[in-house]
Amino acid sequence: MISYPLGLLIYFWMFYYYPIFAHPVFIPQKNGESPDLNTGRTIAFRREFNHVIDYYRGKGGLRQFRYDLIHESVPDDIRPAVLSLMRKTRSTITRMPMKHLGFSIFNEHYSMVRSTSGTIREPSYAGLIRDAGRFVMHPELHDVLDEIGTLIIGHDSIIYGWADFTCSIARSHAPGSDLSREDMIALLHQAVDIPRDVGQVRRLLKRERAGGLRCVWSGREIRGDLNIDHALPYSLWQNNNLWNLLPVSAPVNSRKRDRIPTPGLIDRSAGRIREVWGLYAGNYGSQFYRELFEGLAVGRGGAAERARGTREPGGDVSGDFAVREAEGQSEIGRGDELDPAIGSLKQISAYLIDKRGFPEFDL
């Protein structure tokens, strides 16, 4: 069986629904849904979500909520509400679409996808990935979706279908509604509109230039402008994790643009990548190691679990890279202890190039 962290579904459900529920005009999400949260018919987790939205209104909204989840900094006074929202969202996913998917064909609940048990205990992204359990599907279904899924139910197809459905029920709810398809598409795209922020890394690397700083991909000393490259392109993943931000020269960055570094290039650059990661570990400690686990799935789960899933029936595949802390200080191990993370990056690179068809970059 193929499995992925169920927390990933919960995470993205929250971010796609947030701008819809936060909109000043009520936008129904099912036929007959009412804005009356006390006695009316409403989508399963809207009540829980409204508590969170009300709290973050005027405090940064969706972006601040996302930041707090990623950085494990949800304020104490809203933590119970966020935890309740996460648990309700998990229940909604597993008891509704997951349960009924495929029933009309196989006449059996959970016939195509099922979940393992899990109890979310921490209102954070890491808590979701760690505690929410996993969702499991047959290898045959996974392989079909892997090969042709983007052609049938690709991201844009889902977004456009969602927008069309919402506009249709909005008109039924309020004849004359001026909610347009374009309005809904713009709202849904807010879920992946993550600001590109590399300021802290740029300041650190500029301080390091005095001792000589090499371009990760070419190996040459950076003499001109220092550029910060998203190893896995920002346009693809919108990922500002420390491990994904690498120092490069301006000419190399101009050549790479939004292409994927090949596994061979990553392998040849591994020593320089480890040096930079060691610098991050020394300056940012647990933040670096947490993001390494969240982004490259090392320490818990298969090396390229985020991109490919694991063929274990539930549970995690144990890795050989662990985050170690002693007396509050992150222990920085030998460079070779980062090898599993390098291997994970290479596997994700191969998947994106070979299976998904993204353009490659090599020197």
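Position in the sequence shown counted from 1, then plus 870, gives you this note's numbering. No residue lacks a Cβ here, since even glycine has one placed at the ideal position from N, Cα and C.
Annotated as distal: Pro-1009 and Leu-953, with beta-carbon spacing of 8 Å or more. If you draw a straight line from the Cα of Gly-1213 to the Cα of Pro-894, it comes to about 46 Å. Between the alpha carbons of Pro-1133 and Arg-1077 lies a gap of roughly 30 Å.
When DSSP reads this structure, His-1100 sits in a beta bridge with Leu-1115. Within the same chain, and ignoring the five residues on either side of Asn-1123 in sequence, the residues whose Cβ sits closer than 6 Å to its Cβ are Asn-1097 and Asp-1099.
For the options Lys-969, Val-1071 and Phe-973, the alpha carbon positioned closest to that of Ser-985 is the one of Lys-969. Contact check for Phe-1158 and Leu-1215: beta-carbon distance about 15 Å, past the 8 Å limit, so the pair fails to qualify.
Using a 10 angstroms sphere on the CB of Val-1062, the tally of other CB atoms stays under 16, which defines it as exposed. Annotated as distal: Pro-889 and Phe-896, with beta-carbon spacing of 8 Å or more. Residue burial annotation: Val-1086 is buried, with at least 16 other C-beta atoms found within 10 angstroms of its C-beta. Scanning Tyr-995, Ile-999, Ile-990 and Ile-963 for the CA closest to the CA of Val-983 turns up Ile-963. The Cβ atoms of Ser-873 and Val-1014 lie no closer than 8 Å to each other. In the structure shown, the three-state DSSP call for Glu-1010 is helix. If you look at Ile-872, you'll find it in the beta strand (DSSP E) that goes 872-875. For the 8 Å CB-CB criterion, Ile-923 and Tyr-995 do not form a contact. The three-state reading of DSSP puts Val-1168 in coil, since its state is none of H, G, I, E or B. Taking C-beta atoms as the reference points, Ile-913 and Arg-957 fail to come closer than 8 Å. When the five nearest sequence neighbours on each side are left out, the beta carbons in the same chain lying within less than 6 Å of the beta carbon of Trp-883 are those of Thr-959, in order along the chain.
Our two residues, Asp-1128 and Phe-976, have alpha carbons roughly 43 Å apart in a direct line.
The three-state reading of DSSP puts Ser-1042 in helix, counting H, G and I together.
In the DSSP annotation of this structure, the continuous segment of the beta strand (DSSP E) that includes Arg-984 starts and ends at 983-985.
Around the beta-carbon of Ser-1219, 16 or more other beta-carbon atoms lie within 10 Å, marking it buried. Here Ile-1130 is bridged, per DSSP, to Glu-1230. One thing to note: Ile-999 has its Cβ within 8 Å of the Cβ of Glu-1164. Met-1054 has its alpha-carbon roughly 19 Å from the corresponding atom of Asn-920.
With a threshold of 16 other beta carbon atoms within 10 Å, Gly-988 meets it and is buried. Taking 8 Å as the cut-off, the beta carbon of Arg-916 is found no closer than this to the beta carbon of Gly-902.
Contact annotation, Phe-1231 with Pro-1131: C-beta distance approximately 5 Å; criterion of less than 8 Å satisfied.
For Arg-916, the enclosing alpha helix (DSSP H) stretches over residues 916-926. Short of 7 Å from the beta carbon of Tyr-926, and not among the five residues preceding or following it, lie these beta carbons of its own chain, in chain order: Gln-934 and Phe-935.
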